[in-house]
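Reviewing the structure listed below.
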Amino acid sequence: MHRRHLLAPFALAAALVFGACAGVGGDEGSGGSRAINWYVFNEPGGSYDQAVKECNEEAGGRYTINYIKLPTDANQQRELIVRRLAAEDKDIDLVGMDVIWTAELAEAGWILPWEGQQRDVATEGKLEGPLKTVEYQGKVWGIPFTSNTQLLWYRKDQVDAPGEDFTWDEMIDDAVSKGKDVEVQARQYEGLTVWINSLIAGAGGEIVNQEGDVEVNDTAKRAAEIEVKLAKSPAAPPGMSTNAEDQARQGFESGRSVYEVNYPFVYPSAAAVGEDFQKNMGWARYPRSDKGKPSRPPLGGINIGVSAYSETPDLAFEAAECLANEDHQAIAAELGGLPPTTEAVYDDPKVKKAYPFADLLRESIEAAAPRPVTPAYSDISLAIQKTYSPPDGIDPNGIVGKLRDRIEKAAEGKIF
Amino acid sequence: MEAATRTAPPGAPPRQRTTDRAKAERKLAWTLCAPAVIAMLVVTGYPIGYAVYLSLQKFDLRFPDDKEFVGLSNYVDVLTSSTWWSDVLTTLIITVCSVSIELVLGMAIALVMHRAIFGRGPVRAAILIPYGIVTVVSAFAWKYAFDPTSGFVAGLPLISDTAQPLNTKAGSLLVIILAEVWKTTPFMALLLLAGLSLVPDELHEAAKVDGASTRQRFFRITLPLMRPAILVALLFRTLDAFRIFDNIYIIQPGGALGTESVSILGYNVLINRVNLGLGSAISILIFICVILIAVFFVKALGTSTAQQRGEV
Numbered sequence: 005m006h007r008r009h010l011l012a013p014f015a016l017a018a019a020l021v022f023g024a025c026a027g028v029g030g031d032e033g034s035g036g037s038r039a040i041n042w043y044v045f046n047e048p049g050g051s052y053d054q055a056v057k058e059c060n061e062e063a064g065g066r067y068t069i070n071y072i073k074l075p076t077d078a079n080q081q082r083e084l085i086v087r088r089l090a091a092e093d094k095d096i097d098l099v100g101m102d103v104i105w106t107a108e109l110a111e112a113g114w115i116l117p118w119e120g121q122q123r124d125v126a127t128e129g130k131l132e133g134p135l136k137t138v139e140y141q142g143k144v145w146g147i148p149f150t151s152n153t154q155l156l157w158y159r160k161d162q163v164d165a166p167g168e169d170f171t172w173d174e175m176i177d178d179a180v181s182k183g184k185d186v187e188v189q190a191r192q193y194e195g196l197t198v199w200i201n202s203l204i205a206g207a208g209g210e211i212v213n214q215e216g217d218v219e220v221n222d223t224a225k226r227a228a229e230i231e232v233k234l235a236k237s238p239a240a241p242p243g244m245s246t247n248a249e250d251q252a253r254q255g256f257e258s259g260r261s262v263y264e265v266n267y268p269f270v271y272p273s274a275a276a277v278g279e280d281f282q283k284n285m286g287w288a289r290y291p292r293s294d295k296g297k298p299s300r301p302p303l304g305g306i307n308i309g310v311s312a313y314s315e316t317p318d319l320a321f322e323a324a325e326c327l328a329n330e331d332h333q334a335i336a337a338e339l340g341g342l343p344p345t346t347e348a349v350y351d352d353p354k355v356k357k358a359y360p361f362a363d364l365l366r367e368s369i370e371a372a373a374p375r376p377v378t379p380a381y382s383d384i385s386l387a388i389q390k391t392y393s394p395p396d397g398i399d400p401n402g403i404v405g406k407l408r409d410r411i412e413k414a415a416e417g418k419i420f
Numbered sequence: 104m105e106a107a108t109r110t111a112p113p114g115a116p117p118r119q120r121t122t123d124r125a126k127a128e129r130k131l132a133w134t135l136c137a138p139a140v141i142a143m144l145v146v147t148g149y150p151i152g153y154a155v156y157l158s159l160q161k162f163d164l165r166f167p168d169d170k171e172f173v174g175l176s177n178y179v180d181v182l183t184s185s186t187w188w189s190d191v192l193t194t195l196i197i198t199v200c201s202v203s204i205e206l207v208l209g210m211a212i213a214l215v216m217h218r219a220i221f222g223r224g225p226v227r228a229a230i231l232i233p234y235g236i237v238t239v240v241s242a243f244a245w246k247y248a249f250d251p252t253s254g255f256v257a258g259l260p261l262i263s264d265t266a267q268p269l270n271t272k273a274g275s276l277l278v279i280i281l282a283e284v285w286k287t288t289p290f291m292a293l294l295l296l297a298g299l300s301l302v303p304d305e306l307h308e309a310a311k312v313d314g315a316s317t318r319q320r321f322f323r324i325t326l327p328l329m330r331p332a333i334l335v336a337l338l339f340r341t342l343d344a345f346r347i348f349d350n351i352y353i354i355q356p357g358g359a360l361g362t363e364s365v366s367i368l369g370y371n372v373l374i375n376r377v378n379l380g381l382g383s384a385i386s387i388l389i390f391i392c393v394i395l396i397a398v399f400f401v402k403a404l405g406t407s408t409a410q411q412r413g414e415v
């Protein structure tokens, strides 16, 4: 009897260990020589489904695009794609690439360049900002599909319309004087990199220059000053250090804030709060870091790249061209709230209807600051996030050296 | 465990020459063990060996052409970085706090389970429920409870907007430790319960006759006799807690706000940065830490059982 008791913990532990190891999943593989598998994030509005359906009809049986949905979390999307491409997965034909992946995937040789006529199709009529996100080392690595940027949203019923040269400092001071908050994305994740990158670019700096060299200067300090000023002011929203896009939206909709920087998805969402609320929601260009310098709004979006391991790259290029054409951009804008990359699409009545602020959106995307174009982007982004978090705990005075040190280590593949 | 049984009690006579029968028995023992040993080598030996090999390379999945042998430089890089050491500290804080709270709570729960006269089954089952819940699910429950905007804890009287636990490093660590304690205390209690049932009732009765108080009986009889069980429980939980990953991954994604544990660091480097060389070096270092912890406990465990054997 006693012996059995003695063994009990070990037996239990053994059962747990083996239990934990069980359940290694299989890999789904849809065959067919003409199947074009498009791995892209799940667009809940249904615009991607429609684009896929139309392209498949247009192809007349030459190929069938399968819309394969990636996880919702941006980091997990990248992890999945990187892992599978590194394993030379033939199952992926098209990749819905976040704008920041281009250099990484291109440098690793996982995606094919767009050359000759294909290059012309990919680049024709595209806005400057999105176009920059598919370029790496003089080549084009994808077709810009949808873009995205942030606007400054404000409460028309509580604050004055921000002027052309409205700055972060003025915004924070104004919110403090009204006893209200300013919504931003300052959680330690990609959204923090987005914010900091725009603040640095708005101050006239950059993190990595055209040649791919680290170029951190005093503008990094300016960005930290703005971040700390907000974090330590009464205008800092509750949970600022853990807020992402959706928490910011909720905060603004709750009425605690008079200003919010966020993507345009907040506008249709505001209609759900109430028609009056949406009517009182104003929009303006992203605030300036310095009074004398134009603001540089963030730049997001999706480009479509062709996997180097696709067995039918010619069909894949064709399918990508179809998916990203002007009609489908307009549908993505209408149903998915995703701004177009082709300039002409902004004049489409569907887009005009979806976005009363279409012109501001186009202007913002044109003026936007792309995030660093470098194969070590994800490393560098982690370094930026670590350096600028938590918002109320950083010291702007030491930040330039710290950031430069971390980014250099990140770029060299070292630990930071 | 092996070391514990192998360690000869102090003052034992020197081992006798092995007889033929002993030899045959040993051979049989090895034959019987062989399948298990081979399975272990395949499922653990190979991956560990491969990780050691990778850790000596400069190898980033994104730059396969740059792959080269770099010796121990990955280890030097990790061990000279402040990140590694601050993450080790964070991990140790979580480990020490959660395991010690679990030990006290687990002991109390084990006593309750041991002494429960009616409804033994339901009581034990109820206590085990948290352990049956998937860690990720329980982590989400804790995260949502403490969420600064929507969690019910956020609305409690003592917590103001500026003092939200999940907005600070200390608060986040506290929530992570609480989640860890809530989830694994039943495991601790179960192991301690097994030890508790080893304590013969006769000793308690004898002590009672001699006029020992309940407190004296607990500290003088129960605890000393349970020492091996306590050490096993501590060993398992410490090893587990040192490798903490899922609670942090959910409660502060990516180890934000300075809650990065060594496992999260390894994940970030291996999976996010796909830097296999550096990431494997971190994995191996975690492995070494785990071995050190195990050796420490097994040594303690070994001496204690040997002592006991000598005393009895």
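Chains R and Y, in that order, give the protein sequences. The first sequence lines up with residues 5 to 420 when you count with this note's numbering. The second sequence lines up with residues 104 to 415 when you count with this note's numbering. Ideal placement from N, C-alpha and C gives every residue a C-beta, glycine not left out.
Residue range of the unbroken alpha helix (DSSP H) whose run includes residue i
{"i": "R/G405", "result": "403–415"}
{"i": "R/G133", "result": "132–138"}
{"i": "Y/G361", "result": "No alpha helix (DSSP H) contains Y/G361, which DSSP labels as neither H nor E."}
{"i": "Y/M216", "result": "185–218"}
{"i": "Y/W285", "result": "272–299"}
Bridge partners - residue i, DSSP secondary structure assignment
{"i": "R/P148", "result": "R/N307"}
{"i": "R/N221", "result": "For R/N221, which the question treats as bridged, DSSP gives no partner whatsoever."}
{"i": "Y/I151", "result": "Answer is none; Y/I151 lacks a bridge partner."}
{"i": "R/A39", "result": "R/T68"}
{"i": "R/V265", "result": "R/L156"}
{"i": "R/K182", "result": "Answer is none; R/K182 lacks a bridge partner."}
{"i": "R/L98", "result": "R/W42, R/V310"}
{"i": "Y/Q160", "result": "Y/F172"}
{"i": "R/M175", "result": "Answer by DSSP bridge pairing: none, since R/M175 is not bridged."}
Alpha-carbon to alpha-carbon, residue j and residue i
{"i": "R/C187", "j": "R/R82", "result": "At residue 187 of chain R the sequence reads Glu, which differs from the Cys that was named. So the two alpha carbons sit approximately 27 Å from each other."}
{"i": "Y/G254", "j": "Y/W245", "result": "9 Å"}
{"i": "R/R366", "j": "Y/Q267", "result": "39 Å"}
{"i": "R/T378", "j": "R/E108", "result": "7 Å"}
{"i": "Y/I367", "j": "Y/L276", "result": "14 Å"}
{"i": "R/D31", "j": "R/D95", "result": "Only weak support exists for where R/D31 lies, its pLDDT of 33 falling under 50; the coordinates are left without a value."}
{"i": "Y/G258", "j": "Y/I220", "result": "40 Å"}
{"i": "R/S34", "j": "Y/I196", "result": "Confidence is the limiting factor: at R/S34 the pLDDT is only 44, short of 50, which leaves the residue's position unreliable, though a coordinate-based value still follows. The alpha-carbon atoms of R/S34 and Y/I196 are separated by roughly 47 Å."}
{"i": "Y/P303", "j": "Y/V312", "result": "15 Å"}
{"i": "R/P13", "j": "Y/R318", "result": "Per-residue confidence for R/P13 stands at a pLDDT of 48, beneath the threshold of 50, marking its modelled position as unreliable; the derived number appears in the next sentence. Roughly 26 Å between the two C-alpha positions."}
{"i": "R/T171", "j": "Y/A154", "result": "51 Å"}
{"i": "R/D222", "j": "R/I411", "result": "15 Å"}
{"i": "R/R123", "j": "R/P344", "result": "18 Å"}
{"i": "R/I398", "j": "Y/S184", "result": "20 Å"}
{"i": "R/I384", "j": "R/D102", "result": "16 Å"}
{"i": "R/A324", "j": "R/E119", "result": "14 Å"}
{"i": "R/G208", "j": "R/A190", "result": "21 Å"}
{"i": "Y/I353", "j": "R/T246", "result": "13 Å"}
Nearest-angstrom Cβ-Cβ length linking residue i and residue j, presumed shorter than 8 Å
{"i": "R/I369", "j": "R/G133", "result": "5 Å"}
{"i": "R/L342", "j": "R/T76", "result": "Not quite, the Cβ-Cβ distance comes to about 15 Å (not below 8 Å), so this is no contact."}
{"i": "R/I197", "j": "R/L303", "result": "Contrary to the premise, residue 197 of chain R reads as Thr rather than Ile in this sequence. About 12 Å; that fails the 8 Å criterion."}
{"i": "Y/G361", "j": "Y/I389", "result": "That belief does not hold up - the Cβ atoms of Y/G361 and Y/I389 are roughly 19 Å apart, past 8 Å."}
{"i": "Y/G209", "j": "Y/T288", "result": "5 Å"}
{"i": "R/A312", "j": "R/L116", "result": "5 Å"}
{"i": "R/Y158", "j": "R/Y263", "result": "5 Å"}
{"i": "Y/L206", "j": "Y/L337", "result": "7 Å"}
Start and end residues, beta strand (DSSP E) containing residue i
{"i": "Y/L338", "result": "Here Y/L338 belongs to no beta strand (DSSP E); instead the alpha helix (DSSP H) covers 326–345."}
{"i": "R/A78", "result": "Careful: R/A78 lies outside any beta strand (DSSP E), inside the alpha helix (DSSP H) at 78–90."}
{"i": "R/W287", "result": "285–288"}
Beta-carbon neighbours of residue i, restricted to chain C and to distances below 8 Å
{"i": "R/I115", "result": "Checking the listed chains, one finds no chain C in this structure; the protein chains it contains are R and Y."}
* To do: Could you please tell me which residues of the segment 374–408 of chain R, in chain order, have their CB closer than 9 Å to any CB of chain Y?
  => P379, A380, S382, D383, L386, Q389, K390, S393, P394, D396, G397
* What are the residues of the segment 159–175 of chain Y that lie near chain R, defined by any Cβ-Cβ distance shorter than 8 Å? -> K161, D163, L164, R165, F166, P167
* To do: Using a Cβ-Cβ cut-off of less than 8 Å, list which residues of the segment 211–226 of chain Y approach chain R; keep chain order.
  => none
* Asked: Listed in chain order, which residues of the segment 187–213 of chain R have Cβ atoms closer than 7 Å to some Cβ of chain Y?
  -> R191, Q192, Y193
* Asked: Got a sec: which bits of the segment 82–105 of chain R sit with their beta carbon under 7 Å from any beta carbon on chain Y, in order along the chain?
  -> E83, V86, A90
* To do: Taking only beta carbons into account, state which residues of the segment 241–257 of chain R come closer than 9 Å to chain Y, listed in chain order.
  => P241, P242, G243, M244, S245, T246, N247, Q251, Q254, G255
* **Interfacial residues, the segment 354–366 of chain Y to chain R, with Cβ spacing under 7 Å** => P356, G357, A359, L360
* Determine which residues of the segment 188–204 of chain Y have a Cβ less than 7 Å from any Cβ of chain R, and write them out in chain order. => none
* Members of the segment 260–280 of chain Y near chain R, C-beta cut-off 7 Å -> D264, Q267, L269, N270
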